[in-house]
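Asker: Per my numbering, the sequence shown starts with residue 0, numbered consecutively.
We treat Cβ as the ideally placed atom computed from N, Cα and C, and that holds for glycine.
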Amino acid sequence: MLEENNEDTLTLPIANVFKVPVRTGIAVTAIGAVIFFAALAPLATALVVIGAAALLLLVGVGIFHTLTCIIKAQYAAGGAKAAAAALTYGFPTYAALVASWPWYVRAVAC
């Protein structure tokens, strides 16, 4: 009969090695952020937060646009790729898929 291996005997010590540096990094980052924002005026803090949110929004819009371009290319390839895309996304054509989205999603789609 084969001997069963307990994977936890090796993975737990390895995970514990990285636990302290990761928690320390999070704590140092949080303390640094508190010190940084405490030294700024409230308006400057608001501008930094709004700028970060705007940057995340722009990156998200760019990624979504790229994703929709990839989906559009799958439908445009024709043949088996278009059939696979229709099965994957549940719409027979890319136009039908786009028509199911609200106007603000269609505005950033490919």
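Whole beta strand (DSSP E) runs in the stretch 36–104 with 3 or more residues, listed along the chain?
Answerer: none
Asker: State the Cα-Cα distance for the pair P115 and I30, rounded to the nearest angstrom.
Answerer: What is shown of the chain runs 0 to 109, which leaves residue 115 out entirely.
Asker: For V33, name the three-state secondary structure that DSSP assigns.
Answerer: DSSP places V33 in helix when its eight states are reduced to three.
Asker: Kindly list the residues whose CB is nearer than 7 angstroms to the CB of C109, restricted to its own chain and excluding five residues on each side of it in sequence; keep chain order.
Answerer: H64, T67, C68 and K71
Asker: In three-state DSSP terms, what is A14?
Answerer: Note: A14 maps to helix in three-state DSSP.
Asker: Between Y74 and A81, how many whole angstroms is the CB-CB distance? I'm expecting something under 8 angstroms.
Answerer: At roughly 5 angstroms, the Cβ-Cβ gap stays under 8 angstroms, so Y74 and A81 are in contact.
Asker: Have a look at V48, A83 and L55 and flag the residue whose alpha-carbon is nearest the alpha-carbon of A32.
Answerer: Selection V48, A83 and L55 evaluated against A32 yields V48 as nearest (Cα-Cα).
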